[in-house]
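Going by my numbering, the sequence shown opens with residue 12, and the numbers climb by one from there.
All residues carry an ideal CB built from backbone N, CA and C; glycine is no exception.
Small disclaimer: the values here were computed from a predicted structure and weren't measured.
So the structure is just underneath, and the comments pick up after that.
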Amino acid sequence: MTATHTAQRSTAKQGWASGTMVFAAVMLMLAGVLDIFRGIMAIAEDDVFVTTRNYVFQFDLTSWGWIHLVLGAIGVLVSLGLFRAATWARVAGVAIAGLVIIENFLDLPYYPVWSVVMIAFSGFVIWALCVVRRDDSFAPF
Numbered sequence: 012m013t014a015t016h017t018a019q020r021s022t023a024k025q026g027w028a029s030g031t032m033v034f035a036a037v038m039l040m041l042a043g044v045l046d047i048f049r050g051i052m053a054i055a056e057d058d059v060f061v062t063t064r065n066y067v068f069q070f071d072l073t074s075w076g077w078i079h080l081v082l083g084a085i086g087v088l089v090s091l092g093l094f095r096a097a098t099w100a101r102v103a104g105v106a107i108a109g110l111v112i113i114e115n116f117l118d119l120p121y122y123p124v125w126s127v128v129m130i131a132f133s134g135f136v137i138w139a140l141c142v143v144r145r146d147d148s149f150a151p152f
């Protein structure tokens, strides 16, 4: 294989890795911002939430709001690190996305459809952060 072919393949792999990192950063930022808004709605005790009797993980709606607000804010901050392809941000991104999945699973009876959407978003973030190898990624910006 010539040096040109090797360089082209390496550039293509880096481009794919960069695109995947940007995808993860954008998805995590979007999930974080939406989680912040959902937290604000819950803290304000908006009427969009469903109430369910006899739910095992029943918290006060304000408590759920603060949990969503904090995880959303951390998710937005971590997504900014992902735009720089920081290793700490990849690890933190997987952890935050995992916590968002757990949070939305436990919050499923309060806002069912949106919880499923957020679980899917977070699953895509975890996938995108786990498929990129460290030696292929580089900072897209």
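Check your understanding: What is the rounded straight-line gap between the Cα of Leu41 and the Cα of Val87?
Key -> Translated into the one-based positions of the sequence shown, residue 41 becomes position 30. Translated into the one-based positions of the sequence shown, residue 87 becomes position 76. Using only the alpha carbons, I get a separation of about 8 angstroms.
**Study point:** Given 8 angstroms, three or more beta-carbon pairs between the segment 121 to 136 and the segment 102 to 111
**Key:** Counting C-beta pairs closer than 8 angstroms gives three or more between the segment 121 to 136 and the segment 102 to 111, which meets the contact rule.
Review point. Considering only the beta carbon of each residue, do Leu93 and Gly83 sit closer than 8 angstroms?
Key: As a first step, residue 93 must be located in the sequence shown, where it is residue number 82. As a first step, residue 83 must be located in the sequence shown, where it is residue number 72. No, the pair does not count as a contact, with Cβ atoms beyond the cut-off.
Practice item. Helix, strand or coil for Asp46, going by three-state DSSP, please let me know. Key: Sequence index remark: in the sequence shown, residue 46 carries index 35 (1-based). DSSP places Asp46 in helix when its eight states are reduced to three.
Check your understanding: With respect to the alpha helix (DSSP H) encompassing Asn115, which residues constitute its N-terminal and C-terminal limits?
Key -> Taking the first residue of the sequence shown as 1, we reach residue 115 at position 104. Its alpha helix (DSSP H) spans residues 98 to 117.
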